[in-house]
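*Asks:* Submitted below is the structure of interest, expressed as structure tokens.
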Amino acid sequence: MNGTIPPHIQEQVEFTKAVYTYLIPVMIVILLFAIIGNGIIVLAAPYLSKPISPYLKLCVSLAAADMWAASLLICGLVVNSFLPVVLGQVRTTQCPTAYLEMFRIAGMLTSDLHLFALAINQFFGTYWPLKYKIMVTTRRIRLIILSLWIIPIIFVAIWFVQDPYDGLRHPACVMQFYNRLPFRVTIFLTFMPPLITTLLIYGLILSKLLKARAEFEMSINERKLKVRRSNVQSKLKLVWTTLLIVSTFSLSWGACVLYFVLVCNEGCLFIYKESISFYLGMFLGSTVNFLVMLKLAVNPFIYTLRIKAIRSSVDNFFNVFCRKRNYESANLSNDTNDFATEIEFFQLHSSNNKQQEQTLDFVYHVLLDARYLLLLPPITSNYTRIFLPRQRLPPRMRRQIHQRLT
Numbered sequence: 015m016n017g018t019i020p021p022h023i024q025e026q027v028e029f030t031k032a033v034y035t036y037l038i039p040v041m042i043v044i045l046l047f048a049i050i051g052n053g054i055i056v057l058a059a060p061y062l063s064k065p066i067s068p069y070l071k072l073c074v075s076l077a078a079a080d081m082w083a084a085s086l087l088i089c090g091l092v093v094n095s096f097l098p099v100v101l102g103q104v105r106t107t108q109c110p111t112a113y114l115e116m117f118r119i120a121g122m123l124t125s126d127l128h129l130f131a132l133a134i135n136q137f138f139g140t141y142w143p144l145k146y147k148i149m150v151t152t153r154r155i156r157l158i159i160l161s162l163w164i165i166p167i168i169f170v171a172i173w174f175v176q177d178p179y180d181g182l183r184h185p186a187c188v189m190q191f192y193n194r195l196p197f198r199v200t201i202f203l204t205f206m207p208p209l210i211t212t213l214l215i216y217g218l219i220l221s222k223l224l225k226a227r228a229e230f231e232m233s234i235n236e237r238k239l240k241v242r243r244s245n246v247q248s249k250l251k252l253v254w255t256t257l258l259i260v261s262t263f264s265l266s267w268g269a270c271v272l273y274f275v276l277v278c279n280e281g282c283l284f285i286y287k288e289s290i291s292f293y294l295g296m297f298l299g300s301t302v303n304f305l306v307m308l309k310l311a312v313n314p315f316i317y318t319l320r321i322k323a324i325r326s327s328v329d330n331f332f333n334v335f336c337r338k339r340n341y342e343s344a345n346l347s348n349d350t351n352d353f354a355t356e357i358e359f360f361q362l363h364s365s366n367n368k369q370q371e372q373t374l375d376f377v378y379h380v381l382l383d384a385r386y387l388l389l390l391p392p393i394t395s396n397y398t399r400i401f402l403p404r405q406r407l408p409p410r411m412r413r414q415i416h417q418r419l420t
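Under the working numbering, the first residue of the sequence shown carries the number 15, and numbering increases by one thereafter.
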């Protein structure tokens, strides 16, 4: 078989196989970190402090979009690169590749529109703070988030099914349109306006907030403007955080889309393997994909380090998860001296009704706090046995409880 393949093609195949053997596992590890990081943020969303602002809802949805994009990229690396190139498996159909590419491009547009929605949300909150709650309602935010997920998929799917002899309607899912200029220009023109508008909006927001901060710094009446100054500082931090996310997005997905529209097999400014050599094209393609993967992995750190509410929700998620596991382990373990101190609350008897009522109220709140910490079922009896870690109940507090109960 090697004799029928031109030597330069054989050399390119061997080079690609050697590179993919080491590069793809590294990329998969980075994407797994992205999935885990963004997944933790999504799972910790129920532990966000109520009420949840529209900004946080959009951030959680964006984290879910990044997790989805990372999952698709892993599938694409395995199906399109590792199996056929490294393992040498022959594909009889392009349908898995077509579906993965359709959802990947839709996911990229979903993330782009999420950043645009974040910019619009902060623009309204900065320029019309009094009307913000009227304009940005919970119902509208839910509809917007749903639209951000559905519209890109429908838009991209139309391209994949419009031609009966191309795309998903072809028996082998051959994607001739994908390698031509019209489709790539359409994706580029769909992607760039929201991104450019997002950057312009944040420029306006920053200008207004920095101007307001300068006015506060020149003011003499500290007590009167203290709350407003704190509000401006909080908004500035959120704006800088979102700008950081937008910047990493522009340097990753933006570079990917730019390469997508400039280099193709037919009609583009640079023709693959003609204007650009095989090795240069492989280097540029791997670089832009690597930037996208790094961006997906870095975003969870930006959320947790820069946004206090998300950081607190992640902390609460891990605390509850660890306490639940410790409680289950304590129930299964016989060595309670290593895990917990057993405390028995018994039914109270007192001749003084007022004193009994106060003591019962105290015991109820102790049990309520313990049930909250350990995720115990509701209190249904005065005879309750619970397990509390030693560090949760110091000796002094135990003596105080026993004194109140006796």
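The beta-carbon is built from N, C-alpha and C at its ideal position, and this holds for glycine as well.
#1: Please determine, among A186, S248, V175, the residue with the shortest C-alpha to C-alpha distance to R320.
#2: If distances are taken between C-alpha atoms only, which option among V100, I158, M122, L305 comes closest to Y36?
#3: Does the separation of the CB atoms of A77 and I49 fall below 7 Å?
#4: State the CB to CB distance for the pair V68 and V93, rounded to an integer number of angstroms; the pair is presumed to be in contact (CB under 8 Å).
#5: Mind checking who F284 pairs with in its DSSP beta bridge?
#6: Quick test of the definition: if touching needs 3 or more C-beta pairs under 8 Å, does the stretch 145-157 touch the stretch 201-218?
#7: Could you check the C-alpha separation between I259 and T18 for me, to the nearest Å?
#8: Going by beta carbon distance, what residues of the same chain come within less than 7 Å of A269, once the five residues before and after it are set aside?
#9: For the alpha helix (DSSP H) containing Q24, name the first residue and the last one.
#10: Quick one: what does DSSP say I321 is sitting in, helix, strand or coil?
#11: Tell me the rounded alpha-carbon separation between R154 and L62.
#12: Hey, how far is the Cα of N279 from the Cα of M116?
#13: To the nearest angstrom, report how far apart I88 and R105 are at their CA atoms.
#14: Could you pull the start and end residues of the alpha helix (DSSP H) that D80 belongs to?
#15: Is R194 helix, strand or coil by DSSP?
#16: Check whether the Cβ atoms of I167 and A112 lie closer than 7 Å to each other.
#17: Kindly give me the distance between the Cβ atoms of Y273 and L298, rounded to whole angstroms, as I take these residues to be in contact under 8 Å.
#18: Which residue spans inside the stretch 112-173 form an unbroken alpha helix (DSSP H) run of at least 4?
#19: Roughly how many angstroms lie between the CA atoms of L250 and L129, to the nearest whole one?
#20: On the premise that F315 lies in contact with V26, defined as a C-beta separation below 8 Å, what is that separation, rounded to the nearest angstrom?
#21: Give me, in chain order, the residues of the same chain whose beta-carbon lies closer than 7 Å to that of T152; leave out the 5 immediate sequence neighbours on both sides.
#22: Exposed or buried, which one is T140 when buried takes at least 16 other CB atoms within 10 Å?
#23: Between the beta-carbon of L209 and the beta-carbon of D126, is there less than 7 Å?
#24: Cutting at 7 Å between CB atoms, please list the residues of its own chain near T255, excluding the five before and the five after it.
#25: Just grab the DSSP bridge partners of I290 for me.
#26: Use the C-beta contact count for F335: other C-beta atoms within 10 angstroms, 16 or more gives buried, fewer gives exposed.
#27: What is the rounded straight-line gap between the Cα of A131 and the Cα of L162?
#28: Can you tell me whether A32 is buried or exposed? The criterion is at least 16 other CB atoms within 10 Å of its CB, across all chains shown.
#29: Within the same chain, show all residues whose beta-carbon is closer than 7 Å to that of L283, passing over the 5 residues directly before and after it, in chain order.
*Replies:* According to the data block:
#1: That would be S248, whose Cα lies nearest to the Cα of R320.
#2: For the residues V100, I158, M122, L305, the minimum Cα distance to Y36 belongs to V100.
#3: It is not a contact, given that the beta carbons lie outside the stated cut-off.
#4: In the sequence as presented, Val is not what sits at residue 68; that position holds Pro. At roughly 37 Å, the Cβ-Cβ gap does not stay under 8 Å, so P68 and V93 are not in contact.
#5: V277, per the DSSP bridge assignment.
#6: No, they do not touch.
#7: Here the alpha carbon of I259 sits roughly 50 Å from the alpha carbon of T18.
#8: Counting only Cβ-Cβ distances below 7 Å, and skipping sequence neighbours, we find V302, L305.
#9: Unbroken alpha helix (DSSP H) run through Q24: 21-57.
#10: Secondary structure at I321: coil, using DSSP grouped into helix, strand and coil.
#11: Linking R154 to L62 through their CA atoms gives a straight-line distance of about 20 Å.
#12: Straight-line Cα distance between these residues: approximately 19 Å.
#13: Taking the straight line joining both Cα atoms gives about 18 Å.
#14: Note, D80: alpha helix (DSSP H), 68-90.
#15: The three-state secondary structure of R194, taken from DSSP, is strand.
#16: In this structure, I167 keeps its C-beta atom at 7 Å or more from the C-beta atom of A112.
#17: Rounded, the Cβ-Cβ distance is 6 Å, consistent with contact.
#18: Runs of the alpha helix (DSSP H) spanning 4 or more residues and lying entirely within the stretch 112-173 occur at 146-149, in chain order.
#19: Computed Cα separation, rounded: 17 Å.
#20: Val is not the amino acid found at residue 26; the sequence shown has Gln there. By a beta-carbon distance limit of 8 Å, Q26 does not contact F315. Their separation comes to about 37 Å.
#21: Residues of the same chain with their beta carbon placed closer than 7 Å to that of T152 are lacking, with the five preceding and five following residues left out of the count.
#22: Burial call: buried.
#23: Yes.
#24: Counting only Cβ-Cβ distances below 7 Å, and skipping sequence neighbours, we find I316, R320, I321.
#25: Partner(s): Y286.
#26: Residue environment for F335: exposed (fewer than 16 other C-beta atoms within 10 angstroms of its C-beta).
#27: Taking the straight line from one Cα to the other gives about 9 Å.
#28: With fewer than 16 other CB atoms across the displayed protein chains lying within 10 angstroms of its CB, A32 is exposed.
#29: The beta carbon of L283 is closer than 7 Å to those of L276 in its chain, skipping five residues each way along the sequence.
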